[in-house]
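*Asks:* Numbering (the working numbering), first residue to last: 318 to 858.
Yeah, the Cβ is synthetic: ideal placement off N, Cα and C, and Gly gets one too.
One structure, as C-alpha cells, below. Some questions next.
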Ligand SMILES: Cc1cc2nc3c(=O)[nH]c(=O)nc-3n(C[C@H](O)[C@H](O)[C@H](O)COP(=O)(O)O)c2cc1C
C-alpha cells in the first residue's frame with residue numbers, strides 16, 4: 318500500500334442550535350464549539366462507542382440504515398499518540414497506523430462529518446495531542462468517562478474520571494480550546510441525582526458540545542435496570558444536548574422505540590449500543606431487517622475496507638447471537654480469512670470481485686521510490702508470505718542471482734530494536750547495501766524484506782505469484798524441495814533450498830493472529846483496543 322500525505326479541505330456547515338443560549342460565557346463557548354465543527358448533537362440517534370464493534374464497517378452500515386452520528390470504539394491515548402496518519406490510496410481511507418504497522422483507526426470520506434472519535438485518557442496533554450492528530454478526519458472528539466473495568470480505571474481513565482472532576486475539567490477545557498471540532502464526553506450517572514446534576518453542569522461549563530449519559534452507576538452491570546429519571550434530571554440541568562444511553566436491553570428493540578426512549582429520558586438524543594450490535598438495522602425508520610441480510614451488508618463493507626478477519630468474525634458472531642452454534646455460525650468461527658468468511662455466506666464471487674478491483678488499483682500506482690543514504694538503499698517493503706508460492710522466497714532468488722552473476726553470496730546483517738524487539742536486516746551484495754525501513758517481528762522476516770528491497774531496486778524477479786517465471790530458481794530445485802517436504806524431510810528440503818523452507822513467516826503470522834485472538838477473547842466489553850487490523854504495505858509490481 319502506498320501512502321501520500323494529503324491536505325484535507327473542510328467546509329463549515331451551518332449549525333442548528335437546539336437550545337436557547339443564556340448569557341453565560343461557558344454556554345456561549347459550547348455553542349461556539351458546536352458551531353466550529355458543524356456537527357449538531359440535538360435530536361440525534363447515534364451508534365454508541367463499542368470496543369471491537371465500532372470499527373469502520375459497522376459505522377458505515379449504521380449510517381446507511383439511518384444513524385445520524387457514529388462513535389468509533391474507544392481508543393487509548395497512549396496508543397494513538399504513537400500513530401502516523403497515512404492516506405491509504407488503495408482503499409480510499411485514512412489510516413492511523415501504530416509503529417508495529419497495526420491500523421488503530423481507519424476512517425473514510427463517507428463518515429467524515431458523522432464520526433465521533435472516542436478516546437480513553439487521563440492526561441490533558443496527551444488527549445490534546447491525539448485530538449489534534451485526528452481532528453481533520455473526524456466530526457467530533459469524545460472522552461470516555463464511563464468504562465468501569467479495572468484496566469481502564471486503574472490508569473485513571475474511564476469511570477475513574479467520574480470521581481476526579483478537576484481532571485475532567487482539565488481534559489475537556491484543553492480539548493475545547495485546542496481543537497477545531499466539537500468535544501463531547503460520555504459519562505455514567507453518580508450514586509446521587511444531585512451529584513449527577515452538579516457533574517453535568519460542571520462539564521457543560523468546559524464548553525463541550527454535548528454529553529452522552531449512560532443511565533447506570535459505575536458499579537451497575539448492563540443487565541441492571543436503567544435510571545431514566547437520572548438522565549432526565551441531567552438533561553433538564555444543562556442547555557447543551559444530552560444523549561440518553563442504556564436502553565438497549567428492554568427499552569429499544571427497533572427504531573419505533575427510539576422516540577419513546579427519548580421521551581422517557583427527556584434527552585435530545587438517543588445512543589444505542591447493544592441493540593445496534595445485535596442488529597444495526599435498528600436505526601432503520603422502516604423497521605428491522607432480517608439479521609441474515611444485515612450480516613451480508615456488513616460483510617460487504619468488511620471486504621471493501623479490508624477489515625481484519627478476526628474483528629469481522631467477532632462482529633458477525635454478535636449478530637448471530639443464539640445462532641452462533643448453527644452451521645453458518647460454526648463456519649464463521651473457524652474461518653481464518655475474509656475469503657473464508659465470505660465462503661460461509663456464499664459470497665465468494667463478491668470477495669473475488671473486490672479483490673480484482675483492489676488489485677487493479679494497486680497496479681496502477683506509480684512504483685515506490687528507493688532512497689539511498691549513507692550507502693544504503695531503502696524502501697518501505699515487507700515480505701508477505703502469501704504473495705509467494707510455497708517453498709519460494711525472495712532470499713532464494715537473490716542467492717540464485719548472485720550465483721548466476723558470480724558474485725559473493727548475499728550477506729545479511731540483522732539488528733534487534735530493544736524497545737519493541739523488532740528486527741531490521743541489511744543485505745550486502747556486490748558491495749552495495751539494501752534494507753527495508755519497516756521493522757519485522759522475526760529475524761527471518763527482516764532478512765526476506767531486505768532481499769525484497771534489493772530485488773526490487775535491481776529490478777530482478779523475486780518469485781512472487783503471477784510473476785513471469787524467470788527460470789532463476791530452477792524447476793528441478795522447486796520440485797526437489799516440494800518432494801522433500803512432502804516426504805516430511807525438512808532437512809532434505811533445507812538442503813535443497815539453502816533457505817529455511819518451512820514457512821516460518823507464515824507460521825509466525827498465524828501465531829500472531831492466534832495470540833491476537835486469545836487476547837481479544839480475554840477482553841470484556843468496554844475495553845480499549847484496536848481493531849487488530851494490519852496495515853498492509855502492498856508493493857508495486
Ligand atoms: C461490546 C461493547 C463494547 C463497548 N465499548 C465501549 C467503549 O468503547 N466506550 C464506551 O464509552 N462505552 C462502551 N460500551 C458501553 C456502551 O457504549 C453503552 O454505554 C452500554 O452498552 C449501554 O448502552 P446499551 O443499553 O444501548 O447497550 C460498550 C458496550 C458493549 C456492549
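#1: Can you tell me whether residue 534 sits near ligand 1, meaning its C-beta is under 6 Å from at least one heavy atom of the ligand?
#2: Following a CB-centred definition, is residue 531 positioned closer than 6 Å to any heavy atom of ligand 1?
#3: At a cut-off of 6 Å, is residue 591 close to ligand 1 when judged by its beta-carbon and the heavy atoms of the ligand?
#4: Kindly indicate which three-state DSSP category residue 810 falls into: helix, strand or coil?
#5: Might you give, ordered along the chain, the residues of its own chain that have their beta carbon closer than 8 Å to the beta carbon of residue 459, omitting 5 neighbours on each side?
#6: From 628, 766, 760 and 751, pick the residue whose C-alpha is nearest to that of residue 368; which is it?
#7: Are the CB atoms of residue 431 and residue 386 nearer to each other than 7 Å?
#8: Helix, strand or coil, according to DSSP, for residue 770 in the structure here?
#9: Should residue 625 be labelled buried (16 or more other beta-carbon atoms within 10 Å of its own) or exposed?
#10: With residue 644 and residue 362 assumed to form a contact (beta carbons below 8 Å), what rounded beta-carbon distance in angstroms separates them?
#11: Taking the runs of the alpha helix (DSSP H) that are 4 residues or longer, which of them lie wholly in the segment 708–741?
#12: Any heavy atom of ligand 1 within a distance shorter than 6 Å of the CB on residue 396?
#13: Can residue 636 be considered in contact with ligand 1, in the sense that its beta carbon sits closer than 6 Å to one or more heavy atoms?
#14: Quick check: what's the CA-CA separation for residue 307 versus residue 539?
#15: So does the segment 545–559 actually touch the segment 511–527, counting three or more Cβ pairs closer than 8 Å?
#16: Cβ of residue 560 within 6 Å of any heavy atom in ligand 1?
#17: For ligand 1, I want to know if residue 902 counts as a neighbour, meaning its beta carbon is within less than 6 Å of at least one of the ligand's heavy atoms.
#18: Within the continuous beta strand (DSSP E) that includes residue 388, where are the two ends?
#19: On a Cα-Cα basis, can you pick out the residue from 438, 493 and 376 that is closest to residue 428?
#20: Measuring alpha carbon to alpha carbon, tell me which of 594, 543 and 549 ends up nearest residue 374.
#21: Indicate, with yes or no, if ligand 1 has a heavy atom lying under 6 Å from the CB of residue 571.
#22: At which residue ranges does the segment 557–587 contain complete alpha helix (DSSP H) runs of 4 or more residues, listed in the order of the chain?
#23: I'd like to know whether the C-beta atoms of residue 364 and residue 384 end up nearer to each other than 7 Å.
#24: Confirm the yes/no value for this check: CB of residue 503, any heavy atom of ligand 1, distance under 6 Å.
#25: Do residue 565 and ligand 1 come close, with the Cβ less than 6 Å from some heavy atom?
#26: Mind reading off the beta-carbon distance from residue 514 to residue 532? Whole number of angstroms is fine, and I expect it under 8 Å.
#27: Please report how far the alpha carbon of residue 455 lies from the alpha carbon of residue 705, in whole angstroms.
#28: Do residue 754 and residue 695 count as a contact pair if the criterion is CB distance below 7 Å?
#29: List the residues that DSSP assigns as beta-bridge partners of residue 753.
#30: By how many angstroms is the C-alpha of residue 605 removed from the C-alpha of residue 410?
#31: With residue 525 and residue 493 assumed to form a contact (beta carbons below 8 Å), what rounded beta-carbon distance in angstroms separates them?
#32: Please say whether residue 414 and residue 400 have beta carbons closer to each other than 7 Å?
#33: With a threshold of 6 Å, establish whether the CB of residue 421 neighbours any heavy atom of ligand 1.
#34: So is residue 572 in contact with chain B if we call contact Cβ pairs under 7 Å?
#35: In whole angstroms, what separates the C-alpha of residue 718 from that of residue 419?
*Replies:* Quick answer:
#1: Look at residue 534: its beta carbon is at least 6 Å from all of the heavy atoms in ligand 1.
#2: Because some heavy atom of ligand 1 lies under 6 Å away, the Cβ of residue 531 counts as near it: yes.
#3: Between ligand 1 and the CB of residue 591, the shortest heavy atom gap is smaller than 6 Å.
#4: Confidence at residue 810 is low in this model, with a pLDDT of 41, below 50, so its placement is unreliable and the value that follows should be read with caution. Shown here, residue 810 sits in a helix according to DSSP, grouped into three states.
#5: The beta carbon of residue 459 sits closer than 8 Å to those of 366, 388, 433, 434, 435, 436, 500, 501, 502, 503 and 529, all from its chain and outside the five residues before and after it, given in chain order.
#6: When C-alpha distances from residue 368 are compared across 628, 766, 760 and 751, the shortest belongs to 628.
#7: Yes, the pair counts as a contact, with Cβ atoms nearer than the cut-off.
#8: Correct three-state label for residue 770: helix.
#9: By the neighbour-count rule (16 or more Cβ atoms within 10 Å), residue 625 is buried.
#10: The Cβ separation is near 34 Å, so there is no contact.
#11: List check, alpha helix (DSSP H) in window: 711–721.
#12: False, no ligand heavy atom lies under 6 Å from that Cβ.
#13: Answer for residue 636: no, Cβ out of range of ligand 1.
#14: The displayed coordinates of the chain run from 318 to 858. Any statement about residue 307 would go beyond what the structure contains.
#15: By the Cβ test, the segment 545–559 is in contact with the segment 511–527, since at least three Cβ pairs between them sit closer than 8 Å.
#16: Every heavy atom of ligand 1 is 6 Å or more from the Cβ of residue 560, so no.
#17: In the structure displayed, the chain extends from 318 to 858; residue 902 sits before or after that span and is not available.
#18: Where residue 388 is concerned, the enclosing beta strand (DSSP E) stretches over 386–388.
#19: Residue 428 has its Cα closest to that of 376, out of 438, 493 and 376.
#20: Answer by Cα proximity: 594.
#21: The answer is no for residue 571.
#22: Fully enclosed alpha helix (DSSP H) runs of 4 or longer: 575–582.
#23: Yes, the Cβ-Cβ distance between residue 364 and residue 384 is below 7 Å.
#24: Yes; taking the cut-off as 6 Å, the Cβ of residue 503 has a heavy atom of ligand 1 nearer than that.
#25: Yes.
#26: About 13 Å separates the two Cβ atoms, so there is no contact after all.
#27: Residue 455 and residue 705: Cα-Cα distance of roughly 38 Å.
#28: Less than 7 Å divides the Cβ of residue 695 from the Cβ of residue 754.
#29: Per DSSP, 696.
#30: C-alpha of residue 410 to C-alpha of residue 605: approximately 29 Å in a straight line.
#31: Contact check for residue 525 and residue 493: beta-carbon distance about 6 Å, within the 8 Å limit, so the pair qualifies.
#32: Judged by beta-carbon spacing, residue 414 lies within the 7 Å limit of residue 400, meaning their Cβ atoms are closer than that value.
#33: Not a single heavy atom of ligand 1 lies less than 6 Å from the C-beta of residue 421.
#34: Here there is only one protein chain, and chain B is not present.
#35: Cα to Cα, the separation comes out at about 34 Å.
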